[in-house]
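Chains as they are written, first to last, in this note's numbering: chain V, 6 to 264; chain H, 6 to 264; chain R, 6 to 264; chain C, 6 to 264. The beta carbon of each residue, even a glycine, is placed where N, CA and C say it ideally should be. Just so you know, these numbers come straight off a predicted model, no measurement behind them.
What follows is the structure, given as structure tokens:
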């Protein structure tokens, strides 16, 4: 049966031995945070402190967005049938796809395309951004990562970019995202601000995260939110209720601030 | 349609406003880590620093355990069919159930039962532990949270308990887990050490996590590991390969240590 | 690796050989219907013609029930995110659990319990039915399989029982279901008719289907309905729409009859 | 909330009224088989008798293919963790995607492309088949629907095509599939026979099934097989066993024939 042998580079397991990407797990425990562990598991190396701060900010920014996202509605719908919590959140994970969460990957690819064009054609950021914008426009498509149905000035975007700037970690990805934002405003006369998906896309690119993992970052960030909604459904609601997608009221703690 | 109105206490969302359990998300970003955000989302309050350290250690301890867990085999099997990454990890999440991950919840309930008996009957920890052990023995059941097929001295358990002791955060849950461990050794003559599930169970109890969320903590911790395996499958393997459950070799980085 | 060898009694596969429960599949094709094949796959033997007719009626009765079941709402919610059709219907399948579809299994167990009591205590059907009814009542529980939120006289129940009676296939299961229906009416003064779940439960019992497969029969019957809804969502609706659980209008063909 | 109103053309539901695509469900029960009901649910109309025979043959042909398909391995892996049957088969459904089951849709598209070319360019079937074959060859791709890793002469294909021919239901789809088969044999000197995916693809095309539903037909056909495997796992095996993908022995009924 030797032909079935395969290899994996993630964990080395033996009796009383558990190593993640080479590190004994007991040496990591108490020394690194969960976000650093996620970076290690997914990308193979521990992040430096500034990268860890940015990753934590991204994960915290995406933990939850209320009850309206389809991932939450799918989760509470399944939870309402008496299914196990794992089935409820699995339905939520299945909802994170092309149109829900998918904009991060689309935006990473768009920014990468513009950066590649700048390099191959020797263009400035601005010229490459204009070229990409016009290419989307000519096929009637919208650039992913700009504008939001609800937030005109998304506080997550502002804070994430401020943090990245403060830590001096904005690179070509973020520069191109800003060039695209400026291009849209100039070309259309209507500013369409970089949204949280576009901002995360730019920052993940600058952290060398492959676009194929973008949706996964969002799933990892959002799973605790899905769990919170499934648990709330099971704790507070009657089974098999009819779930209205928008007629829902917040009844949690009032506005408060970190001390 | 007013009868369909419902309430949720997790997030308050409005134009340019995203508050998690009352906190503006932009104030949390850059200030708290992902683990603290998870605690806030699930339990409604931010953890104190010692609790955050312990939570991070628990999440890091459970990030991955190689290729043998059924959640990983289900994930790579689905990934191998060319399904999207979300479908692959959803299959992994569905595998985290009664016998895989479920021991944490079972162990939390067993420890709670012993603690309740100590209180209601005015027993010492030792007497209540013995009573629970004998009740399991009389119905031919094994106490959950003790012994491991592979690890006789699980490094995750040792490290987690050391950390909790150092931080002075062991309470009744951990005391009862230790009383149960001593009872088993004394009653059977064969020490069956507290395993990582039992240790996490005791610690989560002492952190006031409800047992109904135990499986969810494990899912949150393990999802990044599942993503890493799905991504590796898609990056390194041919589609539709036959996946041997044990004939697999580690080919990642050699042993290394934190600097 | 011999210790990993295992056995399966469902299909025998070899080069140019596919046998289902011993039958060459090419001999079955064109000779038996899908429902008979399902019976063969699940229970190991081909059904006789009357059983096949009843199974077909059960599957047809449960194909769809409009948009209100949570399995459909979960399916269209996931479909609305641009996820593949398989992800959408998987979310629907995950919704078929304790409170949605689960009543068939619960009802099979309740009827079996009454039948076992009749046998062990030498009771008449009526006496055993009364005993079961009172046992449920004493713990404040409702007998599963009776009453429906919408249908006071469910046309599926009437037709299924008529068919079973015409074919002379009602046995102890159905007799006990009717005894329970009579007991409820007599004891409470309020008739609570056998619903479609209870009728299917009684009939499946009389066909020797194990209760552990009851939910699966419902999943098999309903999957085509879920597919129809997912396909309709993808064909007719815009992505990421908000999906109201009840404010939906039927716009398909008007009432028509078999020729 | 009127803006949330939506429409569905599948079922009309009211008190004591359940109509599928306009037909009262109680009129269908006992009169049509499950396969005819599936056709009605998915395509909106009842099939004629020859179509129903062909559909039944397709569903029966695809009920199961032993333990080696990834959908079965995912299903038994999840079942082995003690997860509910619905979670186990949902993981199997998620495995039916691009490389597993997906060949039917790919093949329908390829055949359609060749038919469209024949029509638009006024080519014979043979000329259009050659053109498609060369277009695939030039980009190093293989035509989907031809050849099989295990079956050189798949008994399902032979039987399905014989049935379709006997019923006089082969149309352009099947003619083009045969033209492609002849082209491959002639062009390469190595016959690569139409496989079961390609045969089903050709026949579904001739039955006017849209390619977007091809994978769904396979899911519907295979779900009972997945259920059988999940049920066998739960009935015969110990939890959390290691599941070898190929070292499995058939121990069901020996070869037998329809009487």
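Within chain H, the residues that residue 89 (chain R) reaches when beta carbons sit closer than 9 Å: Simply 88, 89 and 92.
Three-state secondary structure (DSSP) of residue 22 (chain V): Three-state DSSP puts residue 22 (chain V) in a strand.
N- and C-terminal bounds of the beta strand (DSSP E) containing residue 12 (chain H): Looking at the DSSP string, the run of the beta strand (DSSP E) that includes residue 12 (chain H) is 11–13.
Secondary structure, beta strand (DSSP E): runs of 3+ residues fully inside the stretch 187–256 of chain C: Within the stretch 187–256 of chain C, the beta strand (DSSP E) runs of at least 3 residues that lie entirely inside it are, in chain order, 253–255.
Residue 50 (chain H) - DSSP class collapsed to helix/strand/coil: DSSP places residue 50 (chain H) in coil when its eight states are reduced to three.
is_contact[residue 6 (chain V), chain C] using C-beta, thresh 8 Å: Confidence at residue 6 (chain V) is low in this model, with a pLDDT of 42, below 50, so its placement is unreliable and the value that follows should be read with caution. Interface residue, yes.
Backbone secondary structure at residue 64 (chain V) - three-state DSSP: Residue 64 (chain V): helix per DSSP, three-state reduction.
One or two residues paired with residue 75 (chain C) in a DSSP bridge: Residue 75 (chain C) has no beta-bridge partner at all, per DSSP.
Interface positions of the stretch 118–146 of chain V facing chain H (Cβ-Cβ less than 7 Å), listed along the chain: So nothing in the stretch comes that close.
Exposure label - residue 161 (chain C); buried when at least 16 CB within 10 Å: Buried, since its Cβ has 16 or more Cβ neighbours within 10 Å.
Supposed close pair residue 26 (chain C), residue 257 (chain R) - CB separation, criterion 8 Å: In this structure residue 26 (chain C) touches residue 257 (chain R) by the C-beta definition: roughly 6 Å separates them, less than 8 Å.
Closer than 7 Å: residue 40 (chain R) CB and nearest the ligand GTP heavy atom: No copy of the ligand GTP occurs in the structure displayed, which carries no ligand at all.
Distance between beta carbons of residue 130 (chain C) and residue 206 (chain C), contact taken as under 8 Å: With a Cβ gap of about 16 Å, residue 206 (chain C) and residue 130 (chain C) do not count as contacting.
Endpoints, alpha helix (DSSP H) assigned at residue 87 (chain R): Neither: residue 87 (chain R) is in no alpha helix (DSSP H) and is coded neither H nor E.
Sequence-distant residues of its chain with Cβ nearer than 8 Å to residue 151 (chain H) (five each side left out): Closer than 8 Å at Cβ, skipping near neighbours: 185, 186, 189, 197, 198, 199, 200 and 203.
Where the stretch 101–114 of chain C meets chain H: residues whose CB sits under 9 Å from a CB there: Here the close residues are 101, 102, 103, 104, 105, 106 and 107.
Under 8 Å from the C-beta of residue 249 (chain C): neighbouring residues of chain H: 249 and 250, listed in chain order.
CB-CB length for residue 34 (chain R) against residue 62 (chain C), believed under 8 Å: Contact check for residue 34 (chain R) and residue 62 (chain C): beta-carbon distance about 4 Å, within the 8 Å limit, so the pair qualifies.
Whole-Å CB distance - residue 18 (chain H) paired with residue 237 (chain V), under 8 Å assumed: No, residue 18 (chain H) and residue 237 (chain V) are not in contact; Cβ-Cβ is about 15 Å, not under 8 Å.
CB of residue 178 (chain H) within 8 Å of CB of residue 137 (chain H), strictly: A distance of 8 Å or more separates the beta carbons of residue 178 (chain H) and residue 137 (chain H).
When H:225, H:251, H:212 and H:243 are compared against residue 52 (chain H), the one with the closest alpha-carbon: For residue 52 (chain H), the closest alpha carbon among the candidates H:225, H:251, H:212 and H:243 is that of H:212.
Assumed close pair residue 222 (chain C), residue 214 (chain C) - CB separation to whole angstroms, cut-off 8 Å: Between residue 222 (chain C) and residue 214 (chain C) the beta-carbon gap is near 7 Å, inside 8 Å, which marks them as a contact.
Pairwise C-alpha distance: residue 55 (chain V) and residue 89 (chain C): Answer to the nearest angstrom: the Cα atoms are 43 Å apart.
Boundaries (first-last residue) of the alpha helix (DSSP H) holding residue 131 (chain H): Per DSSP, the continuous alpha helix (DSSP H) segment holding residue 131 (chain H) begins and ends at 130–143.
Same chain, Cβ closer than 8 Å to residue 299 (chain H), five either side skipped, listed in chain order: Residue numbering for chain H in the displayed model covers 6 to 264; residue 299 (chain H) lies beyond these limits and cannot be assessed.
Proximal chain D residues relative to residue 40 (chain R), where beta-carbon distance stays under 7 Å: The question asks about chain D, but that chain is absent: this structure's protein chains are V, H, R and C.
Alpha-carbon spacing of residue 38 (chain H) relative to residue 225 (chain H), whole angstroms: Rounded to the nearest angstrom, the gap between the Cα atoms of residue 38 (chain H) and residue 225 (chain H) is 15 Å.
Boundaries (first-last residue) of the alpha helix (DSSP H) holding residue 34 (chain C): Note, residue 34 (chain C): premise wrong, no alpha helix (DSSP H); not H, not E.
Status (buried if at least 16 other CB within 10 Å, exposed otherwise) for residue 291 (chain V): Residue 291 (chain V) lies beyond the residue range present for chain V, which begins at 6 and ends at 264; the question has no answer from this structure.
Contact with chain C by residue 82 (chain H), beta-carbon distance below 8 Å: Interface residue, yes.
Member of H:48, H:21 and H:103 whose CA lies at the smallest distance from the CA of residue 239 (chain C): Taking each of H:48, H:21 and H:103 in turn and checking the Cα distance to residue 239 (chain C), the smallest one comes out for H:103.
Span separating the alpha-carbon of residue 167 (chain R) from that of residue 111 (chain R): Using only the alpha carbons, I get a separation of about 23 Å.
Beta carbon of residue 68 (chain C) nearer than 8 Å to that of residue 42 (chain R): Taking 8 Å as the Cβ cut-off, residue 68 (chain C) and residue 42 (chain R) qualify as a contacting pair.
Those residues which DSSP pairs with residue 5 (chain H) across a bridge: Here chain H covers residues 6 to 264 and nothing more, so residue 5 (chain H) does not appear.
Closest Cα partner of residue 181 (chain R) within the set R:119, R:94 and R:246: Considering only alpha carbons, the answer is R:119.
With 16 other Cβ atoms within 10 Å as the buried cut-off, status of residue 20 (chain R): By the C-beta density criterion, residue 20 (chain R) is exposed, having fewer than 16 other C-beta atoms within 10 angstroms.
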